[in-house]
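Enquirer: Here it is, the structure, as structure tokens.
Numbering (this note's numbering), first residue to last: 545 to 788.
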């Protein structure tokens with residue numbers, strides 16, 4: 545990865561480029577949360593290169609992808625013509641436009657996460673749902689890399705998220721991480737009810753590709769923890785909110 549790509553990875557994160565078990569598992573979770581809304585007007589808010597937009601298009605709804613990074617938006621247009629280049633803090637849609645909005649590992653990267661959440665709720669119709677994945681502060685690794693002495697180091701960094709907030713944010717100023725309380729504050733005062741608020745582990749597809757059955761056993765064990773209090777160590781928050 546060259547320096548330009550590293551800088552983009554730091555600022556925007558890395559979208560999904562290959563559809564694997566982890567993406568399919570999350571799509572299944574989204575579909576269960578969405579119900580019939582998946583066949584209505586759907587927005588992926590921060591669509592990367594458009595993989596989820598392509599998958600949702602198969603269900604017959606009107607699917608739009610919005611991506612802030614211009615190059616990624618262009619790449620997404622090779623999968624779908626319905627891609628807009630805009631910021632999540634100022635959605636170019638009327639209030640009450642969408643039945644379903646997906647925000648998949650995006651709000652941690654925007655300039656103003658509170659504004660981004662507020663805009664999603666504004667753009668939902670009453671009864672519409674937003675499905676949000678975002679990083680959990682309880683996860684033992686910071687997955688977006690860190691800055692150290694002015695240089696960016698890509699990859700998983702152990703225990704960074706467990707540091708006091710001011711130290712953690714000095715090492716990872718480019719990306720947020722959320723506790724349940726942090727997320728709750730983003731929705732304060734908004735007309736929503738919470739359908740689901742939980743934490744999930746990853747699918748660890750890269751580990752499985754490298755280590756095979758041993759890594760599959762690890763994945764099964766970690767995903768089993770989602771049913772226990774130890775889910776607080778999981779990779780991502782999974783929240784489903786409905787506009788009221």
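Yeah, the Cβ is synthetic: ideal placement off N, Cα and C, and Gly gets one too.
Just so we're clear, the structure is a prediction, and the values are computed from it rather than from any experiment.
Just curious, the alpha helix (DSSP H) that residue 705 is in, first and last residue?
Expert: It is not in any alpha helix (DSSP H) - residue 705 carries neither H nor E in the DSSP assignment.
Enquirer: Specify, as a first and last residue, the run of the alpha helix (DSSP H) that residue 596 falls within.
Expert: Residue 596 -> alpha helix (DSSP H) spans 595-601.
Enquirer: Let's test the definition: count the other Cβ atoms within 10 Å of the Cβ of residue 647 and tell me whether it reaches 16, buried, or not, exposed.
Expert: So residue 647 counts as buried.
Enquirer: Anyone know if the C-beta pair for residue 804 and residue 610 falls short of 8 Å?
Expert: Absent from the model: residue 804. The displayed extent of the chain is 545 to 788, so no value can be given.
Enquirer: Is the separation between the beta-carbon of residue 690 and that of residue 707 shorter than 8 Å?
Expert: Their beta carbons are not under 8 Å apart, which means residue 690 does not touch residue 707 by this criterion.
Enquirer: Can you name the residues that DSSP bridges to residue 678?
Expert: For residue 678, which the question treats as bridged, DSSP gives the partners 781.
Enquirer: Just confirm the distance between the C-beta atoms of residue 608 and residue 623, as a whole number of angstroms; I'd bet it's less than 8 Å.
Expert: The Cβ separation is near 13 Å, so there is no contact.
Enquirer: With DSSP as the reference, label residue 589 as helix, strand or coil.
Expert: In this structure, residue 589 counts as strand in the three-state DSSP scheme.
Enquirer: Is it buried or exposed, residue 725, if we count other Cβ atoms within 10 angstroms and call 16 or more buried?
Expert: Exposed is the call here.
Enquirer: Less than 7 Å between C-beta atoms, sequence neighbours within five positions excluded: which residues of the same chain meet that for residue 802?
Expert: Because the chain in this structure spans residues 545 to 788, residue 802 falls outside the shown range and cannot be described.
Enquirer: To the nearest angstrom, report how far apart residue 603 and residue 762 are at their CA atoms.
Expert: If I take the Cα positions, the gap works out to 33 Å.
Enquirer: Which runs of the beta strand (DSSP E) fall wholly inside the stretch 637-717 and span at least 3 residues, in chain order?
Expert: Qualifying beta strand (DSSP E) stretches, in chain order: 642-648, 668-679, 690-692 and 695-697.
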